[in-house]
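Notes to accompany the following structure.
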Amino acid sequence: MAKTSKFVAIATAKCPKCRRGNVFSGTLYGFNFQETNERCSHCGMKFEVEPGYFYGAMYVSYAFVVGEMLNVGLLTYLITGNDTSPWLYISTILGSILLLTPINYRYSRIILLHLLTPKIKYYPEYDTDDKLSNI
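Okay, here's the thing in structure tokens:
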């Protein structure tokens, strides 16, 4: 059986330990997009490793928003041909931030779980179609 790659696990918001269970219970743009599962449904890993663990995701989200603001501002500049109206830039940047909020929320947590937490390791033996119940 082929193992799930780290990129696919991050892109599909899967558990960092088994890469099978979902981290979030709702859809991306649903009313409960921020609903994080307490544990992985496949391997039983607790996603909030310690109290306040996901506060670190705010810094990742901040980096996302800064990058998005710079890119949207530059894109607006290139499309409009140097329109000097500050309201155009403010409205496009704020609109893009609002539209991308669910994506930033989810993927800041996913990046924190997969890439920025050294004590969470991937276990290839858990990456199977069999549900693990005693872990």
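Position 42 (the sequence shown) corresponds to 667 in this note's numbering; numbering is contiguous. Glycine included, every Cβ here is placed at the ideal spot set by N, Cα and C.
- Check the Cα spacing between arginine 734 and each of Leu699, Lys628, Ile635: the tightest is with Ile635.
- In the DSSP assignment, arginine 734 falls within the unbroken alpha helix (DSSP H) covering 711–740.
- Between the beta-carbon of proline 676 and that of histidine 739 there is about 21 Å, and that puts the pair past the 8 Å contact cut.
- The alpha-carbon separation between tyrosine 684 and valine 690 amounts to approximately 10 Å.
- Contact check for valine 648 and phenylalanine 672: beta-carbon distance about 6 Å, within the 8 Å limit, so the pair qualifies.
- Going by beta carbons, alanine 688 and leucine 737 fall outside the 8 Å limit.
- Looking from the CA of aspartate 752, the closest CA among Gly698, Met670, Lys744, Pro727 belongs to Met670.
- Rounded to the nearest angstrom, the Cβ distance from threonine 661 to arginine 644 is 17 Å, too far for a contact under 8 Å.
- Selection Ile728, Tyr747, Asp754, Lys746 evaluated against glycine 655 yields Ile728 as nearest (Cα-Cα).
- Secondary structure note for tyrosine 748: it is in no alpha helix (DSSP H), with a DSSP letter that is neither H nor E.
- Around alanine 638, the same chain offers Asn647, Val648, Phe649, Arg731, Ile735 as residues with beta carbons nearer than 7 Å, after the five sequence neighbours per side are excluded.
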